[in-house]
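Chemist:
There are 2 protein chains.
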Amino acid sequence: MIKKADLAPPPAELPGEAVQARRFEKARSAQASAVLEDYVELIDDLLANGGEARPTDIARRLGVTHATAIKTITRLKREGLATSKLYRGVFLTPEGHGLADRVRARHRLVVDLLRAVGVPEQCAELDAEGIEHHVSDAALDAFARFLKGWGPLP
Amino acid sequence: MIKKADLAPPPAELPGEAVQARRFEKARSAQASAVLEDYVELIDDLLANGGEARPTDIARRLGVTHATAIKTITRLKREGLATSKLYRGVFLTPEGHGLADRVRARHRLVVDLLRAVGVPEQCAELDAEGIEHHVSDAALDAFARFLKGWGPLP
DNA sequence: ATTAAAATGTAGCATAGGCTACAAAAAATC
DNA sequence: GATTTTTTGTAGCCTATGCTACATTTTAAT
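One line per chain: the protein sequences are R and W, in this order. For the first sequence, this note's numbering assigns the number 1 to the initial residue and increments by one for each residue that follows. For the second sequence, this note's numbering assigns the number 1001 to the initial residue and increments by one for each residue that follows.
1) Starting from R:Leu81, trace the alpha helix (DSSP H) in both directions and tell me its first and last residue.
2) The alpha helix (DSSP H) that contains W:Val1110, what's its start and end?
3) Under three-state DSSP, which class holds R:Val19?
4) Is W:Ile1073 close to chain R, meaning its C-beta is less than 9 Å from at least one C-beta of that chain?
5) Going along chain W, which residues have a C-beta under 8 Å from R:Glu41?
6) Taking the alpha carbon of W:Val1090 as the point to measure from, which residue in W:Glu1017, W:Glu1129, W:Leu1046, W:Ala1105 has its own alpha carbon closest?
7) Using a C-beta to C-beta distance shorter than 8 Å, which residues of chain R count as neighbours of W:Pro1120?
8) Only counting the same chain, and skipping five residues up and downstream in sequence, which positions put a Cβ closer than 6 Å to that of W:Ile1131?
9) Which residues does DSSP pair with R:Phe91 in a beta bridge?
10) For the stretch 1019-1027 of chain W against the stretch 61-79 of chain R, do three or more pairs of beta-carbon atoms, one drawn from each stretch, fall closer than 8 Å, so that the two count as touching?
11) Looking at R:Phe146: is its Cβ nearer than 9 Å to the Cβ of R:Leu99?
12) Is there at least one Cβ from chain R nearer than 9 Å to W:Asp1112's Cβ?
13) What residues from chain R crowd round W:Glu1125, counting only those whose CB sits closer than 8 Å?
14) Please report the residue range of the alpha helix (DSSP H) in which W:Pro1055 lies.
15) Taking C-beta pairs closer than 7 Å, name the residues in chain W that R:Ala105 reaches, listed in chain order.
16) Quick one: Cα of W:His1107 to Cα of W:Ala1018, how far?
17) Put R:Ser29 into one of helix, strand or coil per three-state DSSP.
18) Measure from the C-beta of R:His97 to each C-beta in chain W and report whether the shortest distance is under 9 Å.
19) For W:Lys1071 and W:Thr1083, what's the separation of their Cα atoms in angstroms?
20) Give the secondary structure of R:Gly130 by DSSP, where H, G and I count as helix, E and B as strand, and everything else as coil.
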């Protein structure tokens, strides 16, 4: 028996759909790592400045309860990005530290680009927090090139 | 009795934390509407082009199963953005249609800006999908101004 | 040293957003 | 018109991320 699907393999329709679907899939996966990236960057900041990263501080800075923070820290440990012991602060593994560095560099680049195209500083900081997780390496390269030919920010 | 908190109301420390926390809260709330925005824009596209928006089409385009799509459509209806009847397609309420228009305009502006600063077209489309949900109106204004003084894209 | 406060951890609940598997209706084919 | 395919809908499960409430431990104050 011959089914409809056997006769008409649409050669131009499915690709379009598939491409679009992949866009959304990429955005979803970026979002999945966004929270972890925020935590890692914040922990790295706290360790560098204050010397220790306590769950309560992390929670306050992120605007969540300590219970939520602790749960996510557990996930960080599971993913090999952080370590901690009972009633002690949180620390980053080498992987976590590396990720924090990349995230911070990306954040700065995004803020600088936003400001370069005229977004007010406060607004640039606010928006960058959500935007940064979705900027690909290729786009980051473009941002860097653009900023180089732009001179110092006002 | 005098407690520690009564003596030392830190006047410079809490604001910094609070500001940072608000950044993250804003990013989280933007993310919460991101999925709804994507659905509404896609449904509007399908209605404008193909004439009808069926759950299966929506699912295929978004790269999810039809069960997931239907569940989210239920949420769209609950939020007053869409309507549908059993075994019929999905339609947008006036609110949904308005949202779709705003989302589409924003998407286009983000893609154009990315391309204007040198991001390759394909990459601009990919990245915009995640970025757009986090671009504030103030930033959009800046984007529009920047593009106006930039001339047509290559 | 005792007591009070703060920090940490655990348990249980809710929602959003994925999935697979099954059931029923509509549309297409023969 | 009967049969097959497609579409639609439902149910149940999972993970991530939030929350509150309670228990425990550490730290600070008296």
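Even glycine gets a Cβ: it sits at the ideal position worked out from N, Cα and C.
Modeler: Short version:
1) As a first step, residue 81 of chain R is located in the first sequence; it is residue number 81 there, counting from the start. Here R:Leu81 belongs to no alpha helix (DSSP H), and DSSP marks it neither H nor E.
2) On the second sequence, position 110 is the one that residue 1110 of chain W refers to. W:Val1110 -> alpha helix (DSSP H) spans 1094-1116.
3) As a working note, residue 19 of chain R is residue 19 in the first sequence. R:Val19: helix per DSSP, three-state reduction.
4) Position 73 of the second sequence, counted from the start, is the residue given in the question as residue 1073 of chain W. Using a Cβ-Cβ cut-off of 9 Å, W:Ile1073 does not count as an interface residue toward chain R, since no Cβ of chain R sits closer than that to its own.
5) Taking the first sequence and counting its residues from 1, one reaches residue 41 of chain R at position 41. For R:Glu41, no chain W residue has a C-beta closer than 8 Å to its own C-beta; the minimum C-beta separation is roughly 11 Å.
6) What you label residue 1090 of chain W is simply residue 90 of the second sequence in a count that begins at 1. Nearest C-alpha to W:Val1090: W:Leu1046.
7) Counting from one through the second sequence, the residue named residue 1120 of chain W turns up at place 120. Residues of chain R passing the Cβ test: Ala138, Ala142.
8) One-based indexing of the second sequence puts residue 1131 of chain W at position 131. Excluding positions up to five away in sequence, the list reads Val1110.
9) Residue 91 of chain R sits at position 91 when you count from the first residue of the first sequence. According to DSSP, which records beta bridges pairwise, R:Phe91 is partnered with R:Thr83.
10) Verdict: yes, contact present.
11) Counting from 1 along the first sequence, the entry for residue 146 of chain R is found at position 146. Counting from 1 along the first sequence, the entry for residue 99 of chain R is found at position 99. Between R:Phe146 and R:Leu99, the C-beta gap is not smaller than 9 Å, which leaves the two residues out of contact.
12) Along the second sequence, one-based indexing puts residue 1112 of chain W at 112. W:Asp1112 does not count as touching chain R.
13) Position 125 of the second sequence, counted from the first residue, corresponds to residue 1125 of chain W. By Cβ distance, chain R contributes Arg23.
14) By one-based count along the second sequence, residue 1055 of chain W stands at place 55. That run of the alpha helix (DSSP H) goes 1055-1062.
15) Residue mapping note: residue 105 of chain R aligns to position 105 of the first sequence, counting from 1. By Cβ distance, chain W contributes nothing, its closest Cβ being about 17 Å from R:Ala105, past 7 Å.
16) By one-based count along the second sequence, residue 1107 of chain W stands at place 107. By one-based count along the second sequence, residue 1018 of chain W stands at place 18. In a straight line, the C-alpha of W:His1107 is about 30 Å away from that of W:Ala1018.
17) The residue you call residue 29 of chain R lines up with position 29 of the first sequence. Helix.
18) Position 97 of the first sequence, counted from the first residue, corresponds to residue 97 of chain R. So no, R:His97 is outside the interface.
19) Taking the first residue of the second sequence as position 1, residue 1071 of chain W is located at position 71. Taking the first residue of the second sequence as position 1, residue 1083 of chain W is located at position 83. Distance from the CA atom of W:Lys1071 to the CA atom of W:Thr1083, rounded to whole angstroms, is 13 Å.
20) Within the first sequence, numbered from 1, the residue matching residue 130 of chain R stands at position 130. Under the three-state reduction of DSSP output, R:Gly130 falls in the helix class.
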